[in-house]
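Just below is one structure, and these are the notes that go with it.
Protein chains in written order, with the working numbering: chain A, 1 to 110; chain B, 111 to 283.
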């Protein structure tokens with residue numbers, strides 16, 4: 001889904017954010033594509049970030065398991081609607097004191 | 111702590127440290143690791159009646175060097191120096207969370223997004239990723255070698271393939 005007018009601002013937010021935070025947000029957008037359509041823009045952003053790479057250099061998240069942590073993070077994103085999701089996520093991560101690697105089991109393919 | 115006790119402690123620490131390092135490095139020569147990874151690759155080829163991949167110790171050695179590098183920098187990226195010579199699939203994930211079989215399966219599971227056709231347009235949607243799967247089932251690829259790099263945070267599985275697949279404009283099989 002393309003939401004070009006929204007995407008331009010979000011690119012700036014994500015470039016500012018840690019690349020892996022951008023990936024996390026991308027994953028949230030997929031999980032929430034029914035209820036949180038605004039975040040679908042991140043699919044485009046994510047693809048833009050890898051747009052200069054060769055075809056076989058596509059990165060994808062294959063799994064994120066956050067157990068009990070996933071719910072609170074999603075709530076934070078809902079509450080932060082209207083703000084940059086990356087900033088909301090980082091704020092929430094900071095408030096619980098730790099990096100996302102401390103809370104999420106991650107897997108990537110390249 | 112006396113010198114004797116200190117020596118025993120240091121020896122035990124050194125042995126344990128080297129043991130952990132050795133565990134990851136020697137996997138590419140471990141028959142169980144080779145069997146699991148090779149089998150998990152060939153499952154996808156057998157369904158298509160493609161020749162089974164055979165293990166290459168040379169490719170495994172190349173994969174080991176790159177896996178160790180990725181573990182050192184703790185970042186996933188392709189080795190650009192192998193283009194045209196070897197294909198490459200990389201998985202990385204939380205340390206100890208994934209079996210070797212799982213790691214290869216994540217690549218193979220891209221099959222559900224694969225639509226038979228010319229690479230790279232052989233996929234159900236523009237954002238779908240099928241390149242790991244197509245490398246596994248690429249008809250001209252006959253050998254594979256894999257290795258694991260570890261840094262305590264993330265495990266890196268690197269597989270190298272010859273002949274390399276994912277040739278733009280060609281069909282996988």
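The beta carbon of each residue, even a glycine, is placed where N, CA and C say it ideally should be.
These figures come from a predicted structure and were not determined experimentally.
Which whole-angstrom value describes the C-beta separation of residue i and residue j, a residue pair presumed to lie in contact below a C-beta threshold of 8 Å?
i              : j              : result
residue 169(B) : residue 270(B) : 4 Å
residue 155(B) : residue 247(B) : 6 Å
residue 232(B) : residue 282(B) : 7 Å
residue 207(B) : residue 262(B) : Residue 207(B) to residue 262(B), Cβ: 13 Å. No contact.
Give me the residue from the options with the minimum Cα distance to residue i.
i              : options                           : result
residue 213(B) : 242(B), 281(B) and 278(B)         : 242(B)
residue 158(B) : 226(B), 279(B) and 176(B)         : 226(B)
residue 275(B) : 222(B), 262(B) and 193(B)         : 193(B)
residue 180(B) : 277(B), 279(B) and 260(B)         : 260(B)
residue 220(B) : 206(B), 235(B), 251(B) and 140(B) : 235(B)
residue 288(B) : 215(B), 252(B) and 272(B)         : Given a span of 111 to 283 for chain B in the structure shown, any question on residue 288(B) remains unanswerable.
residue 178(B) : 142(B), 167(B) and 138(B)         : 138(B)
residue 195(B) : 251(B), 280(B) and 136(B)         : 251(B)
residue 140(B) : 167(B), 185(B) and 151(B)         : 167(B)
residue 171(B) : 238(B), 280(B) and 136(B)         : 136(B)
residue 151(B) : 174(B), 279(B) and 249(B)         : 249(B)
residue 108(A) : 185(B), 147(B), 175(B) and 189(B) : 185(B)
residue 272(B) : 238(B), 279(B), 173(B) and 146(B) : 173(B)
One question on the structure: do residue i and residue j come within less than 8 Å of each other, judged by their Cβ atoms?
i              : j              : result
residue 264(B) : residue 218(B) : no
residue 267(B) : residue 210(B) : yes
residue 245(B) : residue 110(A) : no
residue 144(B) : residue 165(B) : yes
Taking the alpha helix (DSSP H) that residue i belongs to, which residues open and close that run?
i              : result
residue 169(B) : 167-183
residue 141(B) : 141-157
residue 215(B) : 210-218
residue 283(B) : Premise fails: residue 283(B) is in no alpha helix (DSSP H) and is neither H nor E.
residue 245(B) : 241-246
State the start and end residues of the unbroken beta strand (DSSP E) segment that holds residue i.
i              : result
residue 198(B) : 197-204
residue 265(B) : 264-272
residue 259(B) : 253-260
With a cut-off of 8 Å, does the C-beta of residue i fall near any C-beta of chain E?
i              : result
residue 217(B) : Of the protein chains in the structure, A and B, none is chain E.
> Using 8 Å as the Cβ pair cut-off and three pairs as the minimum, do the region 190-199 of chain B and the region 238-257 of chain B touch?
Replying inline: yes
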